[in-house]
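Worksheet for the structure shown next.
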Amino acid sequence: MRVAALISGGKDSCYNMLQCVSAGHSIVALANLMPHTHVPDELDSYMYQTVGHQAVDLYAEAMDVPLYRRTIEGSSLHTGREYSQTEGDEVEDLYQLLKLVKEKEHVEAVSVGAILSDYQRVRVENVCARLQLQPLAYLWRRDQAELLREIISSGLQALLIKVAAYGLDPERHLGKSLAEMEAYLHELSEKYGVHICGEGGEYETFTVDCPLFKKKIVIDSMETVIHSADAFDTYRLSAVTLVQEFFGLPVDIRSNSASVRTPRRPEPNPARLHTPAK
Numbered sequence: 000m001r002v003a004a005l006i007s008g009g010k011d012s013c014y015n016m017l018q019c020v021s022a023g024h025s026i027v028a029l030a031n032l033m034p035h036t037h038v039p040d041e042l043d044s045y046m047y048q049t050v051g052h053q054a055v056d057l058y059a060e061a062m063d064v065p066l067y068r069r070t071i072e073g074s075s076l077h078t079g080r081e082y083s084q085t086e087g088d089e090v091e092d093l094y095q096l097l098k099l100v101k102e103k104e105h106v107e108a109v110s111v112g113a114i115l116s117d118y119q120r121v122r123v124e125n126v127c128a129r130l131q132l133q134p135l136a137y138l139w140r141r142d143q144a145e146l147l148r149e150i151i152s153s154g155l156q157a158l159l160i161k162v163a164a165y166g167l168d169p170e171r172h173l174g175k176s177l178a179e180m181e182a183y184l185h186e187l188s189e190k191y192g193v194h195i196c197g198e199g200g201e202y203e204t205f206t207v208d209c210p211l212f213k214k215k216i217v218i219d220s221m222e223t224v225i226h227s228a229d230a231f232d233t234y235r236l237s238a239v240t241l242v243q244e245f246f247g248l249p250v251d252i253r254s255n256s257a258s259v260r261t262p263r264r265p266e267p268n269p270a271r272l273h274t275p276a277k
């Protein structure tokens with residue numbers, strides 16, 4: 000199927016794209032929701048990761064596919080377990096964005112990097128149902144330790160750009176790669192119950208390279224942004240560039256015959272996010 004990938008810049012949305020290609024789908028467009036320019040770093044949103052949004056534009060060139068972006072105008076108004084169309088809710092920004100992408104790129108499905116959040120799942124399903132799009136969520140309810148190992152093994156490189164959990168120190172851990180952090184995240188999970196993949200908001204990442212990229216993102220400089228006196232800080236990506244890839248396995252993300260450096264593709268196991276047969 001022709002797929003639009005919802006991306007935040009984080010590891011999960013990128014790895015789900017890899018799984019879509021591995022399943023035989025074609026990534027034909029990227030879609031991203033971003034905060035207003037007067038919101039410099041992170042928007043208070045139940046739905047969207049916005050930390051690192053300054054560098055998301057580079058994904059279009061890195062992957063050589065069009066990127067559609069929309070400013071988040073709404074807020075979290077309808078916060079119940081179920082969702083119905085609500086004027087002024089931030090979910091309606093997602094609807095308008097995907098509506099445009101469907102019209103322009105004739106997509107049939109949406110790549111979604113959700114792992115654990117029923118709040119996000121319900122709202123993405125609502126939008127996709129209204130637009131007659133198929134959500135593809137290969138990471139849904141995966142074992143997080145196994146999933147993190149797969150992400151690292153796939154060749155995806157992501158850096159921590161936000162920490163917000165006991166045991167994560169901004170001075171020590173911001174800017175570290177997932178590979179560098181894996182053992183310590185397991186330790187924090189055993190000691191304090193930290194979600195290894197950050198599903199409790201413990202950390203956020205920004206992907207600088209993966210097998211789908213034709214160019215690697217290089218972060219030239221980062222600025223630490225202190226949000227509170229406790230361990231809740233982010234990196235502002237103040238200068239980023241692209242460099243041509245001269246190594247690794249080339250991947251045609253528009254081709255159903257693409258060969259991707261990914262481990263075995265697990266069958267998705269969502270409550271409602273079903274993946275149709277190829």
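Residue numbers (numbering that gives the first Met the number 0): 0 to 277. Virtual Cβ for every residue (Gly too), placed ideally from N, Cα, C.
Backbone CA spacing between residue i and residue j [nearest angstrom]
| i | j | result |
| --- | --- | --- |
| K101 | E107 | 7 Å |
| C13 | L211 | 9 Å |
| Y82 | E149 | 32 Å |
| Y94 | A59 | 21 Å |
| I195 | Q143 | 6 Å |
| H284 | Q119 | The displayed coordinates of the chain run from 0 to 277. Any statement about residue 284 would go beyond what the structure contains. |
| L97 | K213 | 25 Å |
| R253 | V27 | Legend: pLDDT at R253 = 45, less than 50; position of this residue unreliable, no value from coordinates given. |
| M0 | K103 | 15 Å |
| Y137 | K215 | 24 Å |
One or two residues paired with residue i in a DSSP bridge
| i | result |
| --- | --- |
| L158 | S176, F205 |
| I151 | In DSSP, I151 forms no bridge with anything. |
| I26 | V2 |
| D88 | S74 |
For residue i, three-class secondary structure by DSSP
| i | result |
| --- | --- |
| L283 | Here the chain has residues from 0 to 277 only, and residue 283 is not among them. |
| L32 | strand |
| D251 | Interpretation of D251 is limited by its pLDDT of 44, a score under 50 that renders its predicted location unreliable; no figure is taken from the coordinates. |
| V121 | helix |
| S75 | coil |
| R69 | strand |
| P134 | strand |
| D11 | helix |
| A61 | helix |
| S110 | strand |
Does the stretch 166-185 come within contact of the stretch 21-40, defined as at least 3 CB pairs closer than 8 Å?
no
When the Cβ atoms of the stretch 165-177 are set against those of the stretch 188-202, are three or more pairs found closer than 8 Å?
yes
Could you say if the stretch 149-161 and the stretch 196-209 meet the contact criterion of at least three C-beta pairs nearer than 8 Å?
yes
Between the stretch 86-93 and the stretch 113-129, are three or more C-beta pairs nearer than 8 Å?
yes
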